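Below is one structure, written out as structure tokens; the observations come after it.
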Amino acid sequence: MHEIHPRQRSTDRFCAQHLRQALRAVLACGHALGEQPVNFFDFDLTSIAYFTVSPLELMLRGTLLYWFLFIVLRFVLRRDVGSLGISDFLFIVIIGDAAQNGMIGSATSATDGMVLIATLVFWSYLLDFVSFQFPLFQRFTSAPRLCLVRDGKLLRKNMRREFITDEELNAKIRHEGVEDVATVKRMYLEADGEMSLIRNEGTRAAA
């Protein structure tokens, strides 16, 4: 039988000893991490209930961004005439992110968020209330309807005003079950961006 050299035996013993020590250290770390209790009631009340930003600053930020977005969406962009395109979707995502950063600033608490939300709700409710009570003010809050087709003829000037192409208009006409624009008496772009049309009486009777 082959005899193990004493030096080889001591080397093996040394390696085994250090391996056991390393395993003990790993197990000890695992137990230390696993045995740490989780305290569900340990939270920072100041980060939830107290203001991290002046409420007046939050209301001012919310007011400025609300009216800026209102003016952009009301007077600059065209009214929606169908499903969102890629550019429209990107615009909404980017402007939403930019507006959030502008309104929140360095605010982090739940109370800050509630003040900001209350400010936006206030302005939205006030606009609806004033528009209902004063019809003249409604011309400012919502665009008037726009005639696009009159007696079968396209009103190019109004179409260019809202950046409506022939394809978009024809698609809306087909959606209403009309094949030829010549059979349309009136077609309007409503305040909410939807299109409505009135057929000629003769065409309606024939249908």
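First residue of the sequence shown? That's 1344 in the working numbering, and the numbers climb one at a time after it. All residues carry an ideal CB built from backbone N, CA and C; glycine is no exception. Keep in mind it's a predicted model, so treat the numbers as computed, not measured.
Since residue i and residue j are thought to touch, with beta carbons under 8 Å apart, how far apart are those beta carbons, to the nearest angstrom?
{"i": "Val1473", "j": "Phe1465", "result": "In fact, because the Cβ distance is near 12 Å, the residues do not count as touching under 8 Å."}
{"i": "Ala1572", "j": "Thr1454", "result": "Nothing about residue 1572 can be reported from this structure: the residues present for the chain run from 1344 to 1550 only."}
{"i": "Val1521", "j": "Arg1542", "result": "7 Å"}
{"i": "Val1458", "j": "Leu1401", "result": "5 Å"}
{"i": "Val1396", "j": "Gly1448", "result": "6 Å"}
If you run the structure through DSSP and keep just helix, strand and coil, what is residue i?
{"i": "Arg1517", "result": "helix"}
{"i": "Leu1463", "result": "helix"}
{"i": "Arg1488", "result": "coil"}
{"i": "Ser1539", "result": "strand"}
{"i": "Leu1401", "result": "helix"}
{"i": "Gln1497", "result": "Looking at the sequence shown, residue 1497 is not Gln but Leu. If DSSP states are grouped into helix, strand and coil, Leu1497 belongs with the strands."}
{"i": "Tyr1468", "result": "helix"}
Can you list, in chain order, the residues of its chain with a C-beta nearer than 7 Å to that of residue i? Leave out the 5 residues immediately preceding and following it.
{"i": "Arg1493", "result": "Arg1529"}
Going by beta carbon distance, what residues of the same chain come within less than 6 Å of residue i, once the five residues before and after it are set aside?
{"i": "Asn1540", "result": "Note that residue 1540 corresponds to Leu in the displayed sequence, not to Asn. Only Glu1519, Val1527, Met1530 meet the Cβ criterion."}
{"i": "Ser1485", "result": "Ala1534"}
Around the Cβ of residue i, are there at least 16 other Cβ atoms within 10 angstroms (buried) or fewer (exposed)?
{"i": "Ala1450", "result": "buried"}
{"i": "Gly1405", "result": "buried"}
{"i": "Thr1508", "result": "exposed"}
{"i": "Leu1532", "result": "buried"}
{"i": "Ile1437", "result": "exposed"}
{"i": "Ile1516", "result": "buried"}
{"i": "Glu1544", "result": "exposed"}
{"i": "Leu1512", "result": "buried"}
Give the single residue among the options whose Cα lies nearest to the Cα of residue i.
{"i": "Glu1505", "options": "Met1402, Met1446, Glu1537, Ala1453", "result": "Glu1537"}
{"i": "Leu1412", "options": "Ile1435, Ser1397, Val1396", "result": "Ile1435"}
{"i": "Arg1488", "options": "Gly1448, Gly1439, Asn1501, Leu1469", "result": "Asn1501"}
{"i": "Trp1410", "options": "Lys1496, Phe1483, Ser1452", "result": "Phe1483"}
{"i": "Leu1399", "options": "Glu1510, Ile1516, Met1446, Phe1477", "result": "Met1446"}
Beta-carbon within less than 8 Å of residue i's beta-carbon, same chain only, minus the 5 sequence neighbours each way: which residues are those?
{"i": "Leu1498", "result": "Cys1490, Leu1491, Val1492"}
{"i": "Thr1462", "result": "Leu1401, Met1402, Gly1405, Thr1406, Tyr1409"}
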